[in-house]
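Novice: For reference, the structure I am asking about is given below.
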Amino acid sequence: MENITQIIAYGVITGAVYGLVAMGLGLIMGVMKFLNIAHGSFIVLSGYIAFWLLKLWGIDPYLSIPLVLIAMFAIGLLFYKLTLSPLLKLPSVGARMDLSMLITFGLIYIMDNTMAMVWTPNIRSAVTSYTGESVNLLGARFSITGLYGLGIAVFTAVVLYVLLSKTYFGKHVRAATQDAQAASLCGVNVHRTYLISCGIAIALAGVAGVIIVTSYSINPTGGLSWLLIALVVMILAGEGNMYGILPSGIIVGLIESVSVLTVGIAFRQAAALIIFILILMFRPQGLFSRGE
Amino acid sequence: MEINWKKLTLFGVLVAAFLIAPLVIELGSNVMNLLVMLFILIILSQSWNMIGGYAGQINLGLAAFFGCGVLITHFVWKAGMPIFLASIAGGLAAAVLAGIIGLPTLRLKGAYFAIGTFALAEVCRIITAGAFTSIEMPGSYASSFSLVSRFYFGLSVAVIAIAVVHIIVNSKLGFGILAIRDDEQAAQVMGVNIFKHKIIALLVSAFLAGMAGGVHAFLRLSFFDITTVFNPVWTFEPLMAVIIGGAGTLIGPVIGSVFLVILSEIFALTLGQAHLIVFGFMFVLVVMYFRNGLVGSIDQIRQLVTRIN
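Residue numbers (the numbering used here), protein chains in the order written: chain B, 170 to 461; chain C, 1277 to 1585.
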């Protein structure tokens, strides 16, 4: 019994991080129909920013989240202006998606190698006074950093939900998602909406990066494995479904923690691919979509 | 099928030059190694070209098929089969792996195929890292090692790869594949079975990637870290070679591969790791502004010149 609560606790905590990792990817995919392959590299980059803030100025990683958020938002605006907005001239959505994949694929090459030169290929993590400590709650042990991660993931998901469903900006985003041309005819500035949602998406990658650098570790080439998780979570939630991302992240986390116990730690991520293929075979629209 | 004698002669002369070169001049093991790696890159980029350039499906997991080819070839060869049959076994295994991911994802529109192949490569890497650490051939293979045989094997597989892609693209099947890339809906209206054509393109592509893996397994007898054969580099480099050379042309991937290998030899000495950043920038710029690659740019310049004349 104690074992089971521990597995659930571990699954929920890792799953919340997985949900957070996938949010930015899902936002860009849902709103603009661009697939950002470099999402993992953005996560690692923000992890390095938080790492530097801690090492150089001694700013606690969790307090540095607003700073990282602002920096990554600016990087996101730049990213949109330089690489994605030229693609909007293309007529077909399929060609846009293919080219966005190729461009961000090249971006991985640029970002990963730049990061390896600046921060060396060593594995880094932000070690604070409370790293490694844990508390007992409801009969299971939670690490402090894991609990913070869970809290921040849920908080971010709620903020994003409010932003998308209750504000005027959110209305613009949803309008542009459904039909960019019609939205533009109704007076929505589609380009600005895209610009800001891209900034928000990269800022979300920034939050995920801070959580990862505190409770896991980062290295310059680690972005790809985070991208894999983000893709699986996004497909599970359904393409463009923002509200299902955190729940499906937690589902992936739970499946992973169960598979650690049953098939061993070396194969735990193979479970992700098996879920992925089953989802594609039987429910390609995702678990949480109502279907079209 | 109309045969272009001029191009065929040029191709023949090039192949003959490569055939004779090791017999006439002493190339040295560095150059030989580089040439075999060039052949592997040409096979891989021709493979990516088949699915990405001609069929228009972006494959982000070529490393999965390559690595599968390396592993299967290695074990079949070790079991006593001749290398040619072993590498065909590697190619077939890669095609089976491609079928597993292609059957569900190629039915769907959107980025599912790219995501699926990417996930496949990452998971192959994780599983092999858990299953074995290092594999090596027995000593008798190492004592009879000769680079010349690797050279000829790589050359022959590269020629086969180019020929296979050429024959397929110029057949009725290939016209169907091209039609799907250009306009899926129109192709369907004309009675092209979209799913069948995409699957065939994928299987051929994966088979070639597996054969490239066979050449790699033949060249490197032992692997201290087997996960390196699933490294995303094996996807990145062929993709880069195809896009920079010109996707959807027969000669583009070959030019792109030669270009990349020569540039990386020059830059790696002068710039160190920064040369990869230069490649990344070059790739992004080509995708954004010269979508037809080097071959397309040459055609554009030629058109400009004739217009001026």
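Just so you know, even glycine gets a beta-carbon here, dropped at the ideal spot from N, CA and C.
Name the one or two DSSP bridge partners that Leu306(B) has.
Specialist: Ala309(B)
Novice: Opposite Ile365(B) in the DSSP bridges: which residues?
Specialist: Assignment of beta-bridge partners to Ile365(B) by DSSP yields no partner.
Novice: Report the rounded CA-to-CA distance for Val357(B) versus Lys1448(C), giving the unit in angstroms.
Specialist: 47 Å
Novice: Taking Ala1365(C) as the query, report the chain B residues whose CB atoms sit under 7 Å from its CB, ordered along the chain.
Specialist: The contacting residues do not exist; Ala1365(C) stays about 24 Å from chain B at best.
Novice: May I ask you to list, following chain order, the residues of the region 263 to 274 of chain B that have a beta carbon less than 8 Å from some beta carbon of chain C?
Specialist: Gly263, Met266, Asp267, Leu268, Met270, Leu271, Ile272 and Phe274
Novice: Going by CA-CA distance only, name the one from Leu271(B), Phe203(B) and Ala377(B) that's closest to Pro235(B).
Specialist: Ala377(B)
Novice: Quick one: is Met1466(C) buried, meaning 16 or more other Cβ sit within 10 Å of its Cβ, or exposed?
Specialist: exposed
Novice: Where does Glu408(B) land, buried or exposed, given buried means 16+ other C-beta within 10 angstroms?
Specialist: With 16 or more other Cβ atoms inside 10 Å of its own Cβ, Glu408(B) counts as buried.
Novice: DSSP has Ile1377(C) in a bridge; who is on the other side?
Specialist: Its beta-bridge partners do not exist; DSSP assigns none.
Novice: Anything in chain B within Cβ reach of Gln1549(C), meaning under 9 Å, just list it in chain order.
Specialist: Asn282, Ala285 and Met286
Novice: Using the beta-carbon of each residue, which ones in chain B are nearer than 7 Å to Thr1381(C)?
Specialist: Leu449
Novice: So what does Phe1499(C) bridge to, in DSSP terms?
Specialist: Ile1411(C)
Novice: Closest Cβ-Cβ distance between Gly460(B) and chain C: below 9 Å?
Specialist: Interpretation of Gly460(B) is limited by its pLDDT of 49, a score under 50 that renders its predicted location unreliable; the figure taken from the coordinates is listed afterwards. No, no contact with chain C.
Novice: Please return the same chain residues whose Cβ sits closer than 8 Å to the Cβ of Ala1397(C), not counting the five positions on each side in sequence.
Specialist: Leu1336, Gly1337, Leu1338, Ala1339, Ala1340, Gly1343, Phe1506, Pro1508 and Thr1511
Novice: Can you check DSSP and say which residues form a bridge with Ile387(B)?
Specialist: Arg293(B)
Novice: In three-state DSSP terms, what is Met201(B)?
Specialist: helix
Novice: Check whether chain C comes within 9 Å of Gln438(B), counting only Cβ atoms and requiring the distance to be less than that.
Specialist: yes
Novice: Out of Gly1378(C), Ile1403(C) and Arg1401(C), point me to the one whose CA is closest to Ile1391(C)'s CA.
Specialist: Gly1378(C)
Novice: In this structure, how does DSSP classify Leu447(B) when only helix, strand and coil are distinguished?
Specialist: helix
Novice: Hey, does Val1537(C) have any beta-carbon neighbour from chain B nearer than 9 Å?
Specialist: no
Novice: Can you name the residues of chain B whose CB is closer than 8 Å to the CB of Phe1506(C)?
Specialist: The premise fails here: Phe1506(C) is roughly 11 Å from chain B at the closest Cβ pair, so nothing lies under 8 Å.
Novice: From which residue to which residue does the alpha helix (DSSP H) around Asn1306(C) run?
Specialist: Gly1304 to Trp1324
Novice: Beta carbon of Leu1495(C), beta carbon of Asn1306(C): below 9 Å?
Specialist: no
Novice: Please classify Ser298(B): does DSSP put it in a helix, a strand, or coil?
Specialist: coil
Novice: If the criterion is Cβ atoms closer than 9 Å, does the pair Leu1361(C) and Val1372(C) meet it?
Specialist: no
Novice: Would DSSP call Gln1333(C) helix, strand or coil?
Specialist: DSSP places Gln1333(C) in coil when its eight states are reduced to three.
Novice: Can you give me the C-alpha to C-alpha distance between Gln350(B) and Val359(B), rounded to a whole angstrom?
Specialist: CA-CA distance, Gln350(B) to Val359(B), rounds to 8 Å.
Novice: Is Gly1406(C) close to chain B, meaning its C-beta is less than 9 Å from at least one C-beta of that chain?
Specialist: yes
Novice: Within a Cβ cutoff of 7 Å, which residues of the same chain sit near Met198(B), ignoring the five residues on either side of it in sequence?
Specialist: Leu204, Met403, Glu408 and Gly409
Novice: Around the C-beta of Trp226(B), are 16 or more other C-beta atoms found within 10 angstroms, so that it is buried, or is it exposed?
Specialist: Counting Cβ neighbours within 10 Å, Trp226(B) comes out exposed, since fewer than 16 surround it.
Novice: DSSP three-state label for Ala1387(C), please.
Specialist: coil
Novice: Which ranges does the alpha helix (DSSP H) cover as unbroken runs of at least 4 residues, wholly within the region 1433 to 1485 of chain C, from first to last along the chain?
Specialist: 1448 to 1458 and 1460 to 1465
Novice: Using 8 Å for Cβ pairs, my map puts Val1441(C) next to Gln1333(C). What's the rounded Cβ distance?
Specialist: That belief does not hold up - the Cβ atoms of Val1441(C) and Gln1333(C) are roughly 15 Å apart, past 8 Å.
Novice: Could you check what DSSP says for Phe248(B) in three-state terms: helix, strand or coil?
Specialist: helix
Novice: Helix, strand or coil for Asn483(B)? Go by DSSP, reduced to three states.
Specialist: Residue numbering for chain B in the displayed model covers 170 to 461; residue 483(B) lies beyond these limits and cannot be assessed.
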